[in-house]
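Protein chains in written order, with our numbering: chain W, 3 to 252; chain A, 179 to 482.
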């Protein structure tokens with residue numbers, strides 16, 4: 003747990019922002035798909051989970067949309083204001099196995115873990131295809147990192163009309179993040195895909211059991227410990243609500 | 179000068195008055211050592227005889243200054259607890275009590291027998307107050323006869339300390355408190371969560387899949403201080419105060435109101451160092467006012 007001063011903020015799509023903070027221990031340790039649980043003075047009772055979007059030097063970044071009171075407060079933070087930062091938490095994506103190519107498929111705020119995923123995939127010697135979708139062109143995250151880039155919009159205003167899942171090519175390694183409905187579609191097409199799920203979350207450290215993810219084999223485990231990254235075929239998608247008003251994914 | 183922070187809960191001596199509340203500290207193994215140094219004791223996540231899946235998500239919802247939870251006592255069952263966790267507890271320098279649950283009095287008795295004598299299990303906290311199970315739990319906690327009956331069967335199965343965690347969802351907590359005291363409880367824990375409900379205005383249905391959940395956090399603190407105080411003035415056995423404690427001042431309110439110790443719960447979710455900070459803050463308070471020990475803290479406890 004550390005106090006991370008806010009170092010900057012920028013807009014990357016309509017209603018979508020990136021907030022940077024200085025968090026050296028987290029920046030050096032974080033892997034793609036892991037998250038931080040953020041709290042701030044005067045904020046809501048519970049921390050809010052965010053995938054780490056970028057990590058460079060002593061800094062990390064997270065992506066958010068102002069959808070609730072909590073994220074609205076976060077967006078009002080100024081440079082120098084402090085975020086209490088717990089992390090890195092959870093189990094991230096795996097890029098072992100010697101595959102040559104990774105496809106990163108994201109919808110909306112699901113872009114959150116993808117810059118780090120591109121970094122880690124390249125470090126494992128893979129070529130990266132970046133696929134990003136949103137409802138409209140204005141809602142696409144403008145930042146990208148891929149050897150090939152594919153855009154998709156529901157209304158056809160940019161790139162391939164339709165969903166990011168439909169627009170993506172096949173590959174040995176598929177990484178997906180977005181609304182749980184989108185991940186359910188990804189699971190149909192790529193049972194072996196690695197997906198980062200969204201859940202409500204309490205502690206983020208494995209004790210409260212609030213972030214239950216229903217599993218195909220029965221029972222639940224914790225998005226914050228065993229997740230947030232799952233093998234797509236392992237999740238019982240019909241029993242996992244898609245709801246997050248505030249976060250990215252955790 | 180360092181104030182003496184030790185407390186006695188019946189025959190059990192604790193190095194400090196700040197305990198980890200059941201369900202908010204897992205089995206203790208998830209939490210880094212640093213955060214355990216100030217623990218007086220830990221109460222483990224509630225356990226049934228057999229494994230339980232728990233409730234479907236969403237399981238938690240934040241509310242003003244509080245949170246609703248309906249976890250449904252997800253857990254691996256008594257055998258797994260004995261195999262996987264108790265051996266670790268046996269090595270620790272603070273006692274671990276197990277929060278025990280059952281759908282019937284006989285199941286409480288069976289769980290007790292299974293755990294009694296297992297190295298690492300220092301005592302029991304009988305959960306007759308969980309609002310998030312269909313059977314058992316709170317059903318026993320709001321009927322003095324049922325509460326006493328469960329306490330009695332557990333008492334018969336063990337010589338270890340038996341604490342009883344009370345529900346606030348009663349018209350007179352003193353009646354329940356006296357009933358379980360008479361049935362042989364060594365201490366009372368007051369209180370468990372309040373039953374609450376919150377509605378999702380987009381879905382036109384409750385935010386929790388279980389419909390209702392247990393409300394915890396600072397939102398319930400004044401209610402909890404009152405109920406812990408009412409329990410304390412109704413009985414002679416120690417009362418452990420619980421409800422929305424996040425800072426030393428919160429804990430001190432319970433202690434002055436007649437509690438012997440406190441449990442910190444939801445605050446741990448937000449601040450993994452909460453227990454250590456509450457412990458240190460109480461010590462500083464005592465030292466600043468030149469009390470040599472926690473026992474010297476003035477109490478407001480007129481007897482009924």
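Virtual Cβ for every residue (Gly too), placed ideally from N, Cα, C.
So, using beta-carbon positions, are residue i and residue j closer together than 9 Å?
{"i": "residue 484/A", "j": "residue 332/A", "result": "Here chain A comprises residues numbered 179 to 482, so residue 484/A is not present and cannot be evaluated."}
{"i": "residue 441/A", "j": "residue 199/A", "result": "yes"}
{"i": "residue 434/A", "j": "residue 475/A", "result": "yes"}
{"i": "residue 355/A", "j": "residue 283/A", "result": "no"}
{"i": "residue 38/W", "j": "residue 25/W", "result": "yes"}
{"i": "residue 236/A", "j": "residue 397/A", "result": "no"}
{"i": "residue 34/W", "j": "residue 116/W", "result": "yes"}
{"i": "residue 369/A", "j": "residue 342/A", "result": "no"}
{"i": "residue 226/W", "j": "residue 240/W", "result": "no"}
{"i": "residue 231/A", "j": "residue 222/W", "result": "yes"}
{"i": "residue 148/W", "j": "residue 155/W", "result": "no"}
{"i": "residue 181/A", "j": "residue 465/A", "result": "yes"}
{"i": "residue 36/W", "j": "residue 112/W", "result": "no"}
{"i": "residue 447/A", "j": "residue 205/W", "result": "yes"}
{"i": "residue 460/A", "j": "residue 203/W", "result": "no"}
{"i": "residue 174/W", "j": "residue 102/W", "result": "yes"}
{"i": "residue 390/A", "j": "residue 403/A", "result": "no"}
{"i": "residue 347/A", "j": "residue 309/A", "result": "yes"}
{"i": "residue 352/A", "j": "residue 245/A", "result": "no"}
{"i": "residue 227/A", "j": "residue 201/A", "result": "no"}
Consult DSSP for residue i and reduce its assignment to one of helix, strand or coil.
{"i": "residue 242/A", "result": "coil"}
{"i": "residue 389/A", "result": "coil"}
{"i": "residue 474/A", "result": "helix"}
{"i": "residue 460/A", "result": "helix"}
{"i": "residue 398/A", "result": "helix"}
{"i": "residue 332/A", "result": "helix"}
{"i": "residue 252/W", "result": "The predicted model places residue 252/W with a pLDDT of 33, which falls under 50 and marks its position as unreliable, so this point remains unresolved."}
{"i": "residue 353/A", "result": "helix"}
{"i": "residue 368/A", "result": "strand"}
{"i": "residue 448/A", "result": "helix"}
{"i": "residue 116/W", "result": "helix"}
{"i": "residue 418/A", "result": "strand"}
{"i": "residue 378/A", "result": "strand"}
{"i": "residue 247/W", "result": "With a pLDDT of only 43 at residue 247/W, under the threshold of 50, the placement of this residue in the model should not be trusted, and no figure is reported."}
{"i": "residue 453/A", "result": "helix"}
{"i": "residue 348/A", "result": "coil"}
{"i": "residue 241/W", "result": "helix"}
{"i": "residue 413/A", "result": "coil"}
{"i": "residue 222/A", "result": "strand"}
{"i": "residue 466/A", "result": "helix"}
{"i": "residue 428/A", "result": "helix"}
{"i": "residue 186/A", "result": "strand"}
{"i": "residue 200/A", "result": "coil"}
{"i": "residue 340/A", "result": "strand"}
{"i": "residue 206/A", "result": "coil"}
{"i": "residue 233/W", "result": "strand"}
Residue i versus chain A: which residues are under 7 Å apart at the beta carbon?
{"i": "residue 201/W", "result": "235"}
{"i": "residue 48/W", "result": "240, 245, 447, 448"}
{"i": "residue 17/W", "result": "By Cβ distance, chain A contributes nothing, its closest Cβ being about 18 Å from residue 17/W, past 7 Å."}
{"i": "residue 221/W", "result": "231"}
{"i": "residue 207/W", "result": "208, 450"}
{"i": "residue 41/W", "result": "448"}
Can you name the residues of chain A whose CB is closer than 9 Å to the CB of residue i?
{"i": "residue 241/W", "result": "234, 235"}
In chain W, which residues lie less than 9 Å from residue i when you measure between Cβ atoms?
{"i": "residue 247/A", "result": "204, 210, 211, 212"}
Below 8 Å on C-beta distance, what does residue i contact in chain A?
{"i": "residue 90/W", "result": "Correct list: empty, because the minimum Cβ distance to chain A is about 14 Å."}
{"i": "residue 3/W", "result": "449, 450, 451"}
{"i": "residue 216/W", "result": "234, 235"}
Using a C-beta to C-beta distance shorter than 8 Å, which residues of chain W count as neighbours of residue i?
{"i": "residue 266/A", "result": "Near residue 266/A there are no residues of chain W at all, since even the closest Cβ is about 15 Å away, more than 8 Å."}
{"i": "residue 252/A", "result": "211, 214, 222"}
Name the chain W residues whose beta carbon is nearer than 7 Å to that of residue i?
{"i": "residue 203/A", "result": "209"}
{"i": "residue 395/A", "result": "47"}
Taking 8 Å as the cut-off, is the CB of residue i close to at least one heavy atom of the ligand GTP?
{"i": "residue 218/A", "result": "Ligands in the displayed structure: none, and consequently the ligand GTP is not present."}
| Completely contained beta strand (DSSP E) runs for the region 240–325 of chain A, where each covers 3 or more residues | 244–247, 274–278, 301–305
| query | Which ranges would you report for the beta strand (DSSP E) in the region 154–215 of chain W if only whole runs of at least 3 residues count? | reply | 175–179, 196–198
| message | Using a Cβ distance threshold of 8 Å, determine whether the region 215–224 of chain A contacts the region 186–203 of chain A, with at least three qualifying pairs required. | response | yes
| said: Counting beta carbon pairs with one atom in the region 91–110 of chain W and one in the region 128–136 of chain W, are three or more of them shorter than 8 Å? | reply: yes
| task | Specify whether the region 286–298 of chain A and the region 248–266 of chain A touch according to this definition: at least 3 beta carbon pairs, one from each stretch, less than 8 Å apart. | result | yes
| said: So within the region 18–102 of chain W, which uninterrupted beta strand (DSSP E) runs reach at least 3 residues, ignoring any that extend past its ends? | reply: 18–24, 37–41, 50–53, 56–58, 61–67, 84–91
| message | Three Cβ pairs or more, each shorter than 8 Å: is that satisfied between the region 379–388 of chain A and the region 359–368 of chain A? | response | no
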